[in-house]
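Working notes for the structure below.
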Amino acid sequence: MEILMVRIRVRPQHLEDFVGETIGDGEGSVLREPGCRRFDIIQDEDEPTKFGLCEVYDDEAAVEDHLTRPHFQKWQETTADWIAEDIGVSKCRLVFPLGDSDWDSARSASVKSGAFDRGLYVIHAPLLIEDDRVQDFIDAVSLDGVGSVNEEPGCLRFDVFQNRENPGELYLYEVYVNKEAFEYHTRTPHFERWFETVTDWYAPGFSLEDSTDIIKGPNVWPPDNWNWSSGRPAR
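Each step along the sequence shown adds one to the number in the working numbering, with nothing skipped, and position 121 is 121.
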């Protein structure tokens, strides 16, 4: 499995156009590419010019196939002048969950209605970890993930990815039914244990509070009634 975690800043005057074009790329990817499992689009609630993409592919060949598709090429050409700075792309491998979990987002029979737009709350967070603590961090956050998807009624998925080119960068990708469910998550015993355990394991200069790359906010696409849940993976 190959995962692309993408960070984009958009010029304010082009937000609506960017959203429309990116949804078109997402629809083309998930509905037409056999190797694309997810193409989630997230917008930061506090800084609406910040977007995160979570793209999940079967393998590297599926990523290469995506880059040849007309919908991607159209998106790339159309949005080039709307993007405010270089796009951040982390090519990642999966580190949690490693057991059975659901990845396909498409739900072709879902009802199309604005009632199902932007109702979820998503965390798209790159974290920088000290080199000698990376595996310890993975072990600790995986326990938090097991608790989250199995014990919390409002946690739909809790995925952890590792940058293939920079193993000290770990991505948390968490999906909750709403913001209140995320706040509930931060009060659980498994979260508190994780938070306390890893406090001193972050790389020098990195801060959860000060990072400008962390995105928290609603799902732009796909809609709420597509398949967001990972199930209840135990490892």
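Just so you know, even glycine gets a beta-carbon here, dropped at the ideal spot from N, CA and C.
As the structure is a prediction and not an experimental result, all values here were calculated from the model.
Query: Between the CA atoms of GLY26 and ASP104 - distance to the nearest angstrom; Result: 13 Å
Query: Identity of the residue in VAL30, LYS74, HIS14 nearest LYS50 by Cα; Result: HIS14
Query: Cβ pair count under 8 Å reaching 3, the stretch 36–54 against the stretch 208–224; Result: yes
Query: Residue span of the alpha helix (DSSP H) that contains LEU194, given as start and end; Result: Reading the sequence as shown, one finds Trp at residue 194 and not Leu. Element bounds for TRP194: 189–197.
Query: Cβ-Cβ separation, GLY119 to ASP40 (assumed contact under 8 Å), whole Å; Result: The pair is not a contact, with the Cβ atoms about 14 Å apart (cut-off 8 Å).
Query: Alpha-carbon spacing of VAL141 relative to CYS155, whole angstroms; Result: 15 Å
Query: 8 Å contact criterion, which LEU170 and ILE123 should meet: CB distance rounded; Result: About 13 Å; that fails the 8 Å criterion.
Query: Selected residue, minimal CA-CA separation from GLU196, among PRO204, THR186, LEU94; Result: THR186
Query: Member of PRO12, SER29, ARG235 whose CA lies at the smallest distance from the CA of VAL146; Result: ARG235
Query: Alpha-carbon spacing of THR188 relative to PHE158, whole angstroms; Result: 14 Å
Query: Whole-angstrom C-beta distance between PRO167 and MET5, which should lie under 8 Å; Result: Rounded, the Cβ-Cβ distance is 14 Å, inconsistent with contact.
Query: Classification of ASP44 by the beta-carbon crowding that lies within 10 angstroms, buried from 16 upward; Result: buried
Query: Beta strand (DSSP E) segment containing ARG9, residue limits; Result: 2–9
Query: Alpha-carbon to alpha-carbon, HIS190 and GLU180; Result: 17 Å
Query: Where LYS179 sits in the DSSP three-state scheme; Result: helix
Query: 8 Å Cβ cutoff met for GLU152 and TYR184; Result: yes
Query: Proximity of VAL95 and GLU2 at Cβ, strictly below 8 Å; Result: no
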